[in-house]
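Visitor: Below is one structure. I have some questions about it.
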Amino acid sequence: MTAAPMLVQATAPHGRLRRQSPLMRLIGAPAGAILVAFILIQVLCIAYALIAPDEFRYLSSQNLTILMKAVPVLGCMALGVGVLMIAGEFDLSVGSVYALTAIVMAVQVGSGMSPFLAAPLAVLIGVAIGLLHGFITLRAALPSFIVTLGGLLFWRGAVLLYNGAVQVRFDPGPAFQGLFGGTFLGINAAFWWFLALSLAFYLLLHRHRFGNHVFATGGNRAAATAIGIDVNRVKMTAFAIAGGMAAFAGILATVRVGSVQPGQGTGLELQAIAACVIGGLSLTGGRGSVLGIFLGGMLIHTITNVLLLMRAPGFYLDMFIAVLIVGAAAFNSMIERKGRG
Amino acid sequence: MHMPILELHNITKRFGALTALRDLSFHVNEGEVIGLLGDNGAGKSTAVNLISGIHKPSGGHLFVDGKQTLFSCRTDSAEAGIETIYQNTALVDSLSITRNIFMGRELCTHAGMLKLAEMREIAMQVLKSAVHISGIDSPDMLVGELSGGQKQAVAIARAVFFKRRILMLDEPTSALSVRETEALLNQVLKLKAENVSSVLVTHNLYHAYQVCDRFVIMSHGTKVFDVAKADTSISQLTEYVVLT
Ligand SMILES: Nc1ncnc2c1ncn2[C@@H]1O[C@H](COP(=O)(O)OP(=O)(O)O)[C@@H](O)[C@H]1O
Ligand SMILES: [Mg+2]
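Protein chains in written order, with full-length UniProt numbering: chain R, 1 to 341; chain S, 1 to 244.
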């Protein structure tokens, strides 16, 4: 080798690296901002409930039970939608899939099928629909937004085609009822399911190889492909998870109410996406956390609950959540622009 | 230097009616740094992509260690020991340095659970020894927090760790500061000392002259000059590139 000209012993500049206060670092972390917001709101609610327990019955066991029953349906749906969002795709159809699979399950149980068969069947149909959406999206290279918007309308129509515009009663018997609607250690079974699934999703997304590939697929598709990750397979799996979780949410809701309405779950897909956005998921994929999704779902219901307890008219709720979503999205994109991924 | 580790023989690449590469032949020896030079549109990136397995040749042959090879995807070339460092490095901003270094080749249990502590330990060593990157104090830092030069350094660290034998660098310095560029060129030389070859595509002849052993100059999809550093000067190189 010929002697190369001497090079300056180079030190890379520190670039964007600044020393930040722990609080700022926390807020910049994937679920940091929502964690801070969530704790703050809880502290305020609990303090107010302790000061004025009669006016603000936030801590009454009745209210806590309502909260625990309400969160899991949205929460489970948001977990599935969230994984898909991190992989860089949307699913707008989950509200309709949730209604269709729940109706199928209820009708089957009504005509004699064991709920322990009908429920897995419902989840399987959800998975199959998710795969179909994924297949069309990837094969035709269409935005998943459009394909699943089609799904939203199509499967809602399929509900009516399958069983007409009638309510279906669901009476699965005590064993099934206990498993999904009972109480264990003072906590509602549906909430236990939500906790367990959140933990499972945490392991899958943050501690498993698959999760690494989901982040890579949504965060830098070209890089993921270059490194040999099968991004289409990752996305198909994520679509399947979103569909399956929508169906599972349908099971929880049906057990809780004891019947299925054909119009059930309308708008739930938007709430699920809202929970994800509030939880710090990027709209362009590649960024987010299970803790964020969990807290996003919890926060939507906490706020709903607080406004109900304060007897605010329903439209306040929608307006408040709207502000929260847009604010959260703006905050997320600000964090992303600052280069923290 | 005996047998070339990489050899292109009469490679042609057509995109529809356009012929981007025409009978391109050159070789890379072990531990050699090649400067791939030429005007915009000369076909340098196409050549790099072909060697990386992103494009398939329309004609001609590719040899690795003297054996004829056909790369049908990026993974094939990686398995042959070739790593491509892009201008926009193939990293995921929202993930840590550790996770990026091991992306696609994670250390896992049978069930696919990540061995995070183990990977972190190795990443720390890679960052400390293989390539020295200043300003990175922990493998837990998100890649999105790094500067352009640091990102490239991480990409190179990854290549080194996985024992790549040839680095393909397509205009790696175009987004870097002066000091980051120097650090990058230094790394190329360090790797050369460990017998890792590089193919450096750059517009900057001074950078090329600093580190390359041989220059392959392309024009309109084919090679017009192939000259060792000992047999040329920077002013002659400038003439070659400008006049062809
Ligand atoms: N994927 C592609 N499809 C069609 N034409 C391409 C493609 N990639 C490169 N080309 C064409 O091939 C020629 C060589 O391009 P390129 O290899 O990028 O040149 P360089 O990197 O030397 O500037 C150009 O005319 C370019 O337009
Ligand atoms: Mg180029």
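Ideal placement from N, C-alpha and C gives every residue a C-beta, glycine not left out.
Of the choices R:Y58, R:L132, R:G211, R:D54, whose alpha-carbon is the least far from that of G112 (chain S)?
Guide: Position 112 of the second sequence, counted from the start, is the residue given in the question as residue 112 (chain S). It is R:G211 whose Cα lies nearest to the Cα of G112 (chain S).
Visitor: Whole angstroms is fine: what's the gap from R218 (chain R)'s alpha carbon to L205 (chain R)'s?
Guide: Taking the first residue of the first sequence as position 1, residue 218 (chain R) is located at position 218. Taking the first residue of the first sequence as position 1, residue 205 (chain R) is located at position 205. First, the residue type needs correcting, since residue 218 (chain R) is Gly and not Arg in the sequence shown. Each residue's Cα considered, the two are about 13 Å apart.
Visitor: Could you tell me the alpha carbon to alpha carbon distance between I234 (chain S) and T202 (chain S), rounded to whole angstroms?
Guide: Residue mapping note: residue 234 (chain S) aligns to position 234 of the second sequence, counting from 1. Residue mapping note: residue 202 (chain S) aligns to position 202 of the second sequence, counting from 1. One C-alpha to the other measures close to 14 Å.
Visitor: List the DSSP bridge partners of I187 (chain R).
Guide: To locate residue 187 (chain R), count along the first sequence from 1; it is residue 187. Paired residues: R:F184.
Visitor: Inspect the CB distances between the stretch 188-196 of chain R and the stretch 56-74 of chain R and report whether three or more fall short of 8 Å.
Guide: Verdict: yes, contact present.
Visitor: Between the stretch 84-103 of chain S and chain R, which residues of the former have CB atoms less than 7 Å from a CB of the latter, in chain order?
Guide: Result list: A90, L91, V92, D93, S94, L95, R99, M103.
Visitor: Closer than 7 Å from C-beta to any heavy atom of ligand 2: which residues, in chain order?
Guide: Every residue passing the under-7 Å Cβ criterion appears here: S:K44, S:S45, S:D170, S:E171, S:V201.
Visitor: Of all the beta strand (DSSP E) runs that stay within the bounds of the stretch 4-62 of chain S, which reach a length of 3 or more residues?
Guide: The stretch 4-62 of chain S contains these whole beta strand (DSSP E) runs: 6-15, 18-28, 33-38.
Visitor: By the criterion of Cβ-Cβ separation under 7 Å, what are the contact partners of H208 (chain R) in chain S?
Guide: Start at 1 with the first residue of the first sequence, and residue 208 (chain R) comes out as number 208. G112, M113, L114, listed in chain order.
Visitor: Sort out for me which residues DSSP pairs L200 (chain S) with in a bridge.
Guide: Taking the second sequence and counting its residues from 1, the one referred to as residue 200 (chain S) is at position 200. Answer is S:G35, S:L169.
Visitor: Less than 7 Å separating the Cβ of G41 (chain S) from some heavy atom of ligand 1?
Guide: Taking the first residue of the second sequence as position 1, residue 41 (chain S) is located at position 41. Yes, Cβ of G41 (chain S) sits closer than 7 Å to a heavy atom of ligand 1.
Visitor: Are A47 (chain S) and V64 (chain S) touching if we call contact CB-CB under 8 Å?
Guide: Against the second sequence, residue 47 (chain S) aligns to sequence position 47. Against the second sequence, residue 64 (chain S) aligns to sequence position 64. Their beta carbons are not under 8 Å apart, which means A47 (chain S) does not touch V64 (chain S) by this criterion.
Visitor: Beta-carbon within less than 7 Å of F215 (chain R)'s beta-carbon, same chain only, minus the 5 sequence neighbours each way: which residues are those?
Guide: Translated into positions along the first sequence, residue 215 (chain R) becomes position 215. I86, G286.
Visitor: On the three-pair Cβ rule with 8 Å, is the stretch 248-265 of chain R touching the stretch 274-281 of chain R?
Guide: The stretch 248-265 of chain R, when compared against the stretch 274-281 of chain R, does not touch it at the 8 Å Cβ threshold.
Visitor: Count the other CB atoms, across all protein chains shown, that sit within 10 Å of the CB of V166 (chain R); report buried if there are 16 or more and exposed otherwise.
Guide: As a working note, residue 166 (chain R) is residue 166 in the first sequence. Exposed, because fewer than 16 other Cβ atoms sit within 10 Å of the Cβ of V166 (chain R).
Visitor: Taking buried to mean at least 16 other C-beta atoms within 10 Å of its own C-beta, is A17 (chain S) buried or exposed?
Guide: Numbered from its first residue, the second sequence carries residue 17 (chain S) at position 17. It is exposed - the Cβ of A17 (chain S) has fewer than 16 other Cβ atoms within 10 Å.
Visitor: Look at S198 (chain R) and H133 (chain R) and say whether their C-beta atoms are less than 8 Å apart.
Guide: Start at 1 with the first residue of the first sequence, and residue 198 (chain R) comes out as number 198. Start at 1 with the first residue of the first sequence, and residue 133 (chain R) comes out as number 133. Cβ atoms of S198 (chain R) and H133 (chain R): not closer than 8 Å.
Visitor: What does the alpha-carbon distance come out to for the pair L169 (chain S) and Y86 (chain S)?
Guide: As a first step, residue 169 (chain S) must be located in the second sequence, where it is residue number 169. As a first step, residue 86 (chain S) must be located in the second sequence, where it is residue number 86. Their backbone Cα atoms lie some 6 Å apart in a straight line.
Visitor: Given a limit of 7 Å on CB to CB distance, which residues of the stretch 65-77 of chain S reach chain R?
Guide: If the cut-off is 7 Å between Cβ atoms, the stretch 65-77 of chain S has R74, T75 near chain R.
Visitor: So, helix, strand or coil for I217 (chain S), using DSSP?
Guide: For the purposes of this step, residue 217 (chain S) is taken as residue 217 along the second sequence, with counting starting at 1. Residue state, collapsed to three classes: strand.
Visitor: Tell me the rounded alpha-carbon separation between T98 (chain S) and Q187 (chain S).
Guide: Residue mapping note: residue 98 (chain S) aligns to position 98 of the second sequence, counting from 1. Residue mapping note: residue 187 (chain S) aligns to position 187 of the second sequence, counting from 1. The straight-line gap from Cα to Cα measures roughly 20 Å.
Visitor: Distance, Cα to Cα, I189 (chain S) vs H207 (chain S)?
Guide: Along the second sequence, read from residue 1 onward, the residue named residue 189 (chain S) stands at position 189. Along the second sequence, read from residue 1 onward, the residue named residue 207 (chain S) stands at position 207. The sequence given here places Leu at residue 189 (chain S); Ile does not occur at that position. Approximately 12 Å, taken between the alpha carbons.
Visitor: At a cut of 8 Å, does the stretch 159-173 of chain S reach the stretch 192-200 of chain S through at least three beta carbon pairs?
Guide: These segments touch.
Visitor: Between the stretch 237-248 of chain R and the stretch 127-144 of chain R, are three or more C-beta pairs nearer than 8 Å?
Guide: Short answer: they touch.
Visitor: Taking only runs of the alpha helix (DSSP H) that begin and end inside the stretch 91-119 of chain R, which ones reach a length of at least 4 residues, in chain order?
Guide: Runs of the alpha helix (DSSP H) inside the stretch 91-119 of chain R: 94-110.
Visitor: If the cut is a Cβ gap below 8 Å, which residues of chain R does E106 (chain S) touch?
Guide: By one-based count along the second sequence, residue 106 (chain S) stands at place 106. Ordered by position in chain R, the residues that pass the 8 Å Cβ test against E106 (chain S) are R209, N212.
Visitor: Starting from T266 (chain R), follow the alpha helix (DSSP H) in both directions and report where the run begins and ends.
Guide: For the purposes of this step, residue 266 (chain R) is identified with residue 266 of the first sequence, where counting begins at 1. T266 (chain R) -> no alpha helix (DSSP H), and no H or E assigned at all.
Visitor: In angstroms with no decimal places, state the Cα-to-Cα distance between I34 (chain S) and K44 (chain S).
Guide: Walking along the second sequence from the start, residue 34 (chain S) turns up at place 34. Walking along the second sequence from the start, residue 44 (chain S) turns up at place 44. Using only the alpha carbons, I get a separation of about 12 Å.
Visitor: Specify whether the stretch 88-105 of chain R and the stretch 140-154 of chain R touch according to this definition: at least 3 beta carbon pairs, one from each stretch, less than 8 Å apart.
Guide: Touching, yes, given that three or more Cβ pairs across the two stretches are closer than 8 Å.
Visitor: Report yes if the C-beta of L18 (chain S) is less than 7 Å from at least one heavy atom of ligand 1; otherwise report no.
Guide: Here residue 18 (chain S) is taken as the residue at index 18 of the second sequence, counted from 1. Answer for L18 (chain S): yes, Cβ within range of ligand 1.
Visitor: Is the number of C-beta pairs between the stretch 30-39 of chain R and the stretch 291-304 of chain R that are closer than 8 Å three or more?
Guide: Segments in contact, yes.
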